[in-house]
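Colleague: Residue numbers (the working numbering): 50 to 125. Positions of the beta carbon are idealized from the N, C-alpha and C atoms, including for glycine.
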Amino acid sequence: EADIVEASLKEPSAEDAAAYEDFLASAPETFGVTWAAVETVAAEASAGSTMTIQEDGSVLVSGLNPAKEDHILTLR
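(1) For VAL87, name the three-state secondary structure that DSSP assigns.
(2) Does VAL82 come out as helix, strand or coil in the three-state DSSP assignment?
(3) What distance in whole Å lies between the Cβ atoms of VAL108 and THR99, which are believed to be in contact at a cut-off of 8 Å?
(4) Grouping DSSP H, G and I as helix and E and B as strand, with all else coil, what is LEU124?
(5) Sorted by chain position, which residues of the same chain lie with C-beta nearer than 8 Å to PRO115's C-beta, five sequence neighbours on each side aside?
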């Protein structure tokens, strides 16, 4: 049973995937937004964590684990 639940969390159902695609298609008109790809060009942490920009543009935060920290991302 746990395997079934775990598998369902890894991949969206066909219904969920279709609903997501519909949302993406309707968002510009519904919300007045335009989707645009961005590039992460800088990443800073206010309390000393290490922020490493990955090849896919995501940011890996490692090192310290402060109770409170601001993360500042610069996108282009």
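Modeller: Considering the structure as presented:
(1) Taking the sequence shown and counting its residues from 1, the one referred to as residue 87 is at position 38. VAL87: coil per DSSP, three-state reduction.
(2) Taking the first residue of the sequence shown as position 1, residue 82 is located at position 33. Reduced to three states, the DSSP call for VAL82 is coil.
(3) Counted from its first residue, the sequence shown places residue 99 at position 50. Counted from its first residue, the sequence shown places residue 108 at position 59. With a Cβ gap of about 10 Å, THR99 and VAL108 do not count as contacting.
(4) Against the sequence shown, residue 124 aligns to sequence position 75. Correct three-state label for LEU124: strand.
(5) Translated into the one-based positions of the sequence shown, residue 115 becomes position 66. Answer for PRO115: ALA96, GLY97, SER98, listed in chain order.
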